[in-house]
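Colleague: Chains A and B, in that order, are what the protein sequence lines are.
In this text, residue positions in the first sequence follow this note's numbering: the first is 76, and each later residue adds one.
In this text, residue positions in the second sequence follow this note's numbering: the first is 76, and each later residue adds one.
I'd like to ask you about the structure that follows.
2 protein chains.
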Amino acid sequence: MATASNAPIGIFDSGIGGLTVFAAVRRCLPHESILYLGDTARVPYGTKSAETVVRYSRECAGFLVERGVKALVVACNTASAYALPDLEKRFNVPVLGVVGPGCEAALAASERRSIGVIGTAGTIASNAYGNALKALDPGVRVVSRACPLFVPLVEEGWIDNEVAHAAARRYLKGLKEEGIDTLILGCTHYPLLAGIIKMELGDAVRLVDSAETTAHVLQGMLEGRNLAAQAAGPSSSHIYVTDLPARFESIAQRFLKGEVPSITRVDL
Amino acid sequence: MATASNAPIGIFDSGIGGLTVFAAVRRCLPHESILYLGDTARVPYGTKSAETVVRYSRECAGFLVERGVKALVVACNTASAYALPDLEKRFNVPVLGVVGPGCEAALAASERRSIGVIGTAGTIASNAYGNALKALDPGVRVVSRACPLFVPLVEEGWIDNEVAHAAARRYLKGLKEEGIDTLILGCTHYPLLAGIIKMELGDAVRLVDSAETTAHVLQGMLEGRNLAAQAAGPSSSHIYVTDLPARFESIAQRFLKGEVPSITRVDL
Numbered sequence: 076m077a078t079a080s081n082a083p084i085g086i087f088d089s090g091i092g093g094l095t096v097f098a099a100v101r102r103c104l105p106h107e108s109i110l111y112l113g114d115t116a117r118v119p120y121g122t123k124s125a126e127t128v129v130r131y132s133r134e135c136a137g138f139l140v141e142r143g144v145k146a147l148v149v150a151c152n153t154a155s156a157y158a159l160p161d162l163e164k165r166f167n168v169p170v171l172g173v174v175g176p177g178c179e180a181a182l183a184a185s186e187r188r189s190i191g192v193i194g195t196a197g198t199i200a201s202n203a204y205g206n207a208l209k210a211l212d213p214g215v216r217v218v219s220r221a222c223p224l225f226v227p228l229v230e231e232g233w234i235d236n237e238v239a240h241a242a243a244r245r246y247l248k249g250l251k252e253e254g255i256d257t258l259i260l261g262c263t264h265y266p267l268l269a270g271i272i273k274m275e276l277g278d279a280v281r282l283v284d285s286a287e288t289t290a291h292v293l294q295g296m297l298e299g300r301n302l303a304a305q306a307a308g309p310s311s312s313h314i315y316v317t318d319l320p321a322r323f324e325s326i327a328q329r330f331l332k333g334e335v336p337s338i339t340r341v342d343l
Numbered sequence: 076m077a078t079a080s081n082a083p084i085g086i087f088d089s090g091i092g093g094l095t096v097f098a099a100v101r102r103c104l105p106h107e108s109i110l111y112l113g114d115t116a117r118v119p120y121g122t123k124s125a126e127t128v129v130r131y132s133r134e135c136a137g138f139l140v141e142r143g144v145k146a147l148v149v150a151c152n153t154a155s156a157y158a159l160p161d162l163e164k165r166f167n168v169p170v171l172g173v174v175g176p177g178c179e180a181a182l183a184a185s186e187r188r189s190i191g192v193i194g195t196a197g198t199i200a201s202n203a204y205g206n207a208l209k210a211l212d213p214g215v216r217v218v219s220r221a222c223p224l225f226v227p228l229v230e231e232g233w234i235d236n237e238v239a240h241a242a243a244r245r246y247l248k249g250l251k252e253e254g255i256d257t258l259i260l261g262c263t264h265y266p267l268l269a270g271i272i273k274m275e276l277g278d279a280v281r282l283v284d285s286a287e288t289t290a291h292v293l294q295g296m297l298e299g300r301n302l303a304a305q306a307a308g309p310s311s312s313h314i315y316v317t318d319l320p321a322r323f324e325s326i327a328q329r330f331l332k333g334e335v336p337s338i339t340r341v342d343l
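Structure, rendered in structure tokens:
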């Protein structure tokens with residue numbers, strides 16, 4: 076059975092950070108319907124073991140595949156880093172993570188082939204970005220740094236105060252001294268800290284956010300497989316979460332900067 | 076069937092913070108065996124909804140009750156705030172949370188009956204401390220403040236740098252101005268930040284950590300029910316976790332400041 080081109084795209088994340096990918100896909104592919112799943116009952120993934128992240132990712136992907144998605148986007152960097160090969164083997168739909176597109180964008184942006192990567196403890200420990208960058212360009216220099224406090228800072232809404240600045244200064248000091256010219260924001264929350272990261276590193280360092288590139292790679296993938304939605308068709312999107320805490324909708328608003336689709340709590 | 080007095084005590088927490096309670100119980104009751112469960116695969120609880128926290132707490136308590144514990148200590152403040160009545164109804168062993176003992180200790184320490192409470196978003200939203208303090212002393216004044224960044228700061232090991240100081244200054248400013256004379260550290264991670272909290276609030280404000288008081292209340296509860304271990308008996312303790320991330324043992328070491336019992340990963 077061929078997957079219908081009017082089937083929705085599935086996007087999952089450990090929580091709400093993946094809504095930056097949701098927003099980019101909605102901008103780039105306005106005729107597509109999207110089912111988004113945020114595993115907010117078990118967020119974050121970035122501090123957990125590879126084994127646990129793979130197990131959770133399977134459950135998230137399975138939930139979306141059961142709902143008939145034509146393609147899967149793993150919006151969580153930690154899940155992309157640990158679980159992509161497992162999901163590709165296990166599910167019969169194209170699977171796209173954010174690590175590959177982020178690396179392509181960084182290599183296109185970097186002139187000196189000296190690239191920094193920041194992410195959660197899990198993403199950095201996996202070395203997924205380093206391996207993918209070296210596979211694309213063996214001569215590239217990669218400097219990685221885990222920034223565990225950046226996610227809670229964004230969720231607290233502290234993206235431009237003295238606490239955020241002090242944390243950014245501490246995490247990024249070493250990277251600045253390494254002379255990178257491009258920095259991959261290897262976590263979906265980090266684009267919200269782009270302002271203070273730029274202040275710390277200076278304008279000479281380009282920031283790469285994988286959300287936009289992921290949307291473009293997804294577009295090419297769908298077109299290449301004749302899975303793109305017909306322009307005339309109506310699109311409809313939905314957000315599923317495994318927990319619905321008090322401030323969820325206001326935080327979602329911050330990520331989506333616009334219309335928030337209807338939200339349903341589900342058990343995996 | 077009467078519960079044997081040589082059965083272990085069960086302690087659970089959303090993660091590793093409850094090891095401060097484990098350590099206090101071990102000091103206060105050296106002849107008792109302890110089974111500790113940290114739900115590290117789903118940590119934290121403090122940002123999640125009441126419904127989800129109650130469900131997780133039931134699963135944690137059930138795991139320990141199945142292993143024959145003679146009493147349950149809910150070391151997590153958020154779980155104590157939301158789930159205690161449910162656990163008391165559901166399980167046939169005495170259940171002790173950390174909120175009640177923390178309130179008793181605070182009322183004993185406060186001279187002006189003006190008490191501050193800091194905790195996770197969930198603990199503060201529940202108003203469990205406020206309600207319990209008012210039930211014990213209707214004339215007490217209570218000022219509460221959620222400090223969501225304190226847990227990630229402790230887990231990052233940033234307990235005395237400029238980021239921790241800036242966060243403490245921002246969270247505690249209002250409390251200082253309210254003229255409290257006692258502050259309840261309503262989260263098991265917070266005692267590790269006692270140094271900077273004291274610097275911010277000054278020596279006139281007494282800090283109350285519920286771990287010690289909880290151990291003493293537990294002692295009274297066991298003696299009152301003839302459940303205290305016999306002094307001659309050997310004790311043995313064990314730690315269970317639902318995830319075993321890379322740095323778990325080093326973080327556990329920081330909380331226990333001494334011998335770390337053997338650790339097993341389990342699924343709930």
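Where is the CB? At the ideal position from N, CA and C, for every residue including glycine.
A quick note: this is a predicted structure, and the numbers were derived from the prediction, not measured.
Which residues does DSSP pair with residue 157/A in a beta bridge?
Modeller: Residue 157/A pairs with nothing; no bridge assigned.
Colleague: 8 Å is my cut-off, CB to CB: does residue 122/B come that close to chain A?
Modeller: For residue 122/B, the answer is yes, since a Cβ of chain A falls inside 8 Å of its Cβ.
Colleague: Looking at the structure shown, is residue 84/A part of a helix, part of a strand, or coil, going by DSSP?
Modeller: Three-state DSSP puts residue 84/A in a strand.
Colleague: Using the Cα positions of residue 120/A and residue 128/A, report the straight-line distance between them to the nearest angstrom.
Modeller: The alpha-carbon atoms of residue 120/A and residue 128/A are separated by roughly 6 Å.
Colleague: Cβ atoms of residue 173/B and residue 136/B: under 8 Å apart, would you say?
Modeller: No; because the gap between Cβ atoms is not below 8 Å, this pair is not in contact.
Colleague: Compute the Euclidean distance between the alpha carbons of residue 223/A and residue 227/B, then round it to the nearest angstrom.
Modeller: Rounded to whole angstroms, residue 223/A to residue 227/B spans 8 Å at the Cα level.
Colleague: Against chain A, does residue 165/B count as a neighbour if the rule is that its beta carbon must be under 8 Å from one of theirs?
Modeller: For residue 165/B, the answer is no, since every Cβ of chain A falls outside 8 Å of its Cβ.
Colleague: Taking one C-beta from the region 87-94 of chain A and one from the region 250-268 of chain A each time, how about it: are there three or more such pairs within less than 8 Å?
Modeller: Because the criterion of three Cβ pairs below 8 Å is met, the region 87-94 of chain A and the region 250-268 of chain A touch.
Colleague: With distance defined between alpha-carbon atoms, name the residue in 336/B, 248/B, 105/B nearest to residue 219/B.
Modeller: When each option's Cα is compared against that of residue 219/B, the closest is 248/B.
Colleague: For residue 311/B, name the three-state secondary structure that DSSP assigns.
Modeller: It is coil, neither helix nor strand.
Colleague: Please state whether the Cβ-Cβ distance between residue 314/B and residue 267/B is less than 8 Å.
Modeller: No; because the gap between Cβ atoms is not below 8 Å, this pair is not in contact.
Colleague: With 16 as the cutoff for other CB atoms within 10 Å, does residue 101/A come out buried or exposed?
Modeller: Under this definition residue 101/A is a buried residue.
Colleague: Taking C-alpha atoms, which residue in 199/B, 251/B, 143/B lies nearest to residue 276/B?
Modeller: The residue with the shortest Cα to Cα distance from residue 276/B is 251/B.
Colleague: Which first and last residues belong to the alpha helix (DSSP H) in which residue 246/B is found?
Modeller: Taken as a continuous stretch (DSSP letters only), the alpha helix (DSSP H) holding residue 246/B covers 237-252.
Colleague: Got a sec: which bits of the region 210-229 of chain B sit with their beta carbon under 9 Å from any beta carbon on chain A, in order along the chain?
Modeller: Within the region 210-229 of chain B, the qualifying residues are 223, 224, 226, 227, 228.
Colleague: Helix, strand or coil for residue 111/A per DSSP?
Modeller: In this structure, residue 111/A counts as strand in the three-state DSSP scheme.
Colleague: For residue 305/B versus residue 108/B, is the C-beta spacing smaller than 8 Å?
Modeller: Their beta carbons are not under 8 Å apart, which means residue 305/B does not touch residue 108/B by this criterion.
Colleague: How would you list, in chain order, the residues of chain B whose beta-carbon sits under 8 Å from the beta-carbon of residue 319/A?
Modeller: Chain B residues near residue 319/A: 124.
Colleague: Between the alpha carbons of residue 99/A and residue 318/B, how many angstroms are there, rounded?
Modeller: Whole-angstrom Cα-Cα distance: 33 Å.
Colleague: Which bits of chain A does residue 116/B rub up against, with CB to CB less than 8 Å?
Modeller: Within chain A, the residues near residue 116/B are 117, 123, 127.
Colleague: Under 8 Å between the Cβ atoms of residue 171/A and residue 208/A?
Modeller: No, the pair does not count as a contact, with Cβ atoms beyond the cut-off.
Colleague: Is residue 320/B near residue 124/A, with beta carbons less than 8 Å apart?
Modeller: Cβ atoms of residue 320/B and residue 124/A: closer than 8 Å.
Colleague: Would the beta-carbon of residue 148/A fall within 8 Å of that of residue 86/A?
Modeller: Their beta carbons are under 8 Å apart, which means residue 148/A touches residue 86/A by this criterion.
Colleague: Could you pull out every unbroken alpha helix (DSSP H) segment of at least 4 residues lying fully inside the region 207-233 of chain A, listed in chain order?
Modeller: Runs found: 225-230.
Colleague: With a CB to CB cut of under 8 Å and the five nearest residues on each side skipped, what residues in its chain are close to residue 238/B?
Modeller: Counting only Cβ-Cβ distances below 8 Å, and skipping sequence neighbours, we find 228.
Colleague: Does residue 154/B get closer than 8 Å to chain A when you measure Cβ to Cβ?
Modeller: No, because no Cβ of chain A sits closer than 8 Å to the Cβ of residue 154/B.
Colleague: Could you tell me which of 117/B, 175/B, 332/B, 324/B sits nearest to residue 291/B, measuring between CA atoms?
Modeller: For residue 291/B, the nearest C-alpha among the options comes from 175/B.
Colleague: For residue 118/B, which three-state DSSP category applies?
Modeller: Looking at residue 118/B - three-state DSSP - the assignment turns out to be coil, as it is neither helix nor strand.
Colleague: By the three-class DSSP mapping on this structure, what secondary structure does residue 288/A have?
Modeller: Three-state DSSP puts residue 288/A in a helix.
Colleague: Check the Cβ-Cβ distances between residue 324/B and every residue of chain A, and say whether any is below 8 Å.
Modeller: No, no contact with chain A.
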